[in-house]
Amino acid sequence: MKMILASEADKASANIFAQLIKLYDFKELDDQKNVYAYRNVSLAKIPHHPSEMKILPFEAEEIIVASRHVSESGKPSLTVHAPGDLEKGELAIASPRAMKAALLELARSREEMGLGYEVSLEATHHGPTKFEVPITFVEIGSSPEEWADEEAGVAAARAIMAAATSSIKSPNALCLGGPHYAPRHTEVTLRSDIAVGHVLPRYVNYNEELIFSAVRRTFGGVDLFVLDWKGLSADQRQLIKSVSERLGIKAVRTSELLRT
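78 is the number of the first residue of the sequence shown in this note's numbering; add one for each residue after it.
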């Protein structure tokens with residue numbers, strides 16, 4: 078069963094939880110307080126933020142987390158990312174299928190509802206990283222005003238359900254280079270058939286083991302490396318080329334996929 082996690086300690090998460098309950102026929106389980114079910118999807122409300130979670134509330138095959146997003150810019154944003162501590166090289170299992178489904182739905186809802194929010198992938202960051210099931214974060218940012226915005230909550234709720242129920246079949250990519258908000262990788266996800274898992278931005282310390290780990294910790298494996306070429310240093314490019322050849326994984330530039 079797919080599990081959606083929402084937090085009572087997170088204003089955006091509580092907003093998304095409320096919209097999920099309104100939009101879908103979730104029913105609270107008789108034997109488990111704060112746990113709801115709808116078709117093959119469970120929804121659990123927990124007291125702490127999921128990024129701090131040490132154990133799962135119950136067994137699940139995949140997790141989608143409703144969360145707030147915080148940024149210094151304060152821009153209204155709807156984001157999707159896989160969790161992981163890139164400095165320590167500790168990565169959760171990314172789900173490219175879920176991430177693509179969520180991002181596509183966020184973009185669709187933004188247009189349909191006329192929302193003044195940026196929609197983007199984020200680079201892999203924060204926890205939890207220890208669970209052996211795929212985890213995807215869908216977030217509303219970047220200030221308390223946006224966290225409480227019910228329309229943003231609706232968009233995020235739709236995206237989370239798309240992530241939980243989609244059967245999209247796409248080539249899986251590990252994305253490398255560029256800034257935290259990964260504009261080129263976001264465009265690749267929205268404009269091509271490629272599904273993106275982990276995103277390793279330029280600002281982290283690249284090494285072979287980090288790239289190997291990102292490949293291993295991608296559900297369904299990695300079919301290609303997608304490179305934001307201008308967002309990589311010469312040393313990073315050379316390392317990626319070496320790893321690509323060793324693993325037999327094709328490396329392509331975002332410009333080749335976007336033709337711009």
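Idealized CB from N, CA, C, for every residue including glycine. Only a predicted model underlies this, so the values are computations on that prediction, with no experimental measurement involved.
Where PHE302 is concerned, the enclosing beta strand (DSSP E) starts and stops at 301–304. Less than 9 Å separates the beta-carbon of ILE326 from that of VAL292.
For ASP312, the three-state secondary structure derived from DSSP is helix.
Considering only ASP107, GLU167, PHE214, GLY151, the residue with the shortest C-alpha distance to LEU180 is PHE214.
The DSSP-derived three-state label of ARG116 is coil.
With respect to VAL118, MET176 sits apart: the two C-beta atoms are not nearer than 9 Å. Just so you know, the alpha carbons of PRO134 and LYS307 end up roughly 43 Å apart.
Counting only residues of its own chain and dropping the five nearest sequence neighbours on each side, SER150 has a CB closer than 8 Å to the CB of SER219. A straight-line Cα-Cα distance of about 23 Å links GLU322 and LEU168.
C-alpha of GLU85 to C-alpha of PRO127: approximately 10 Å in a straight line.
If the five residues before and after ARG187 are omitted, its C-beta is found closer than 8 Å to the C-beta atoms of LEU155, TYR194, VAL196, ALA232, all from its own chain and listed in chain order.
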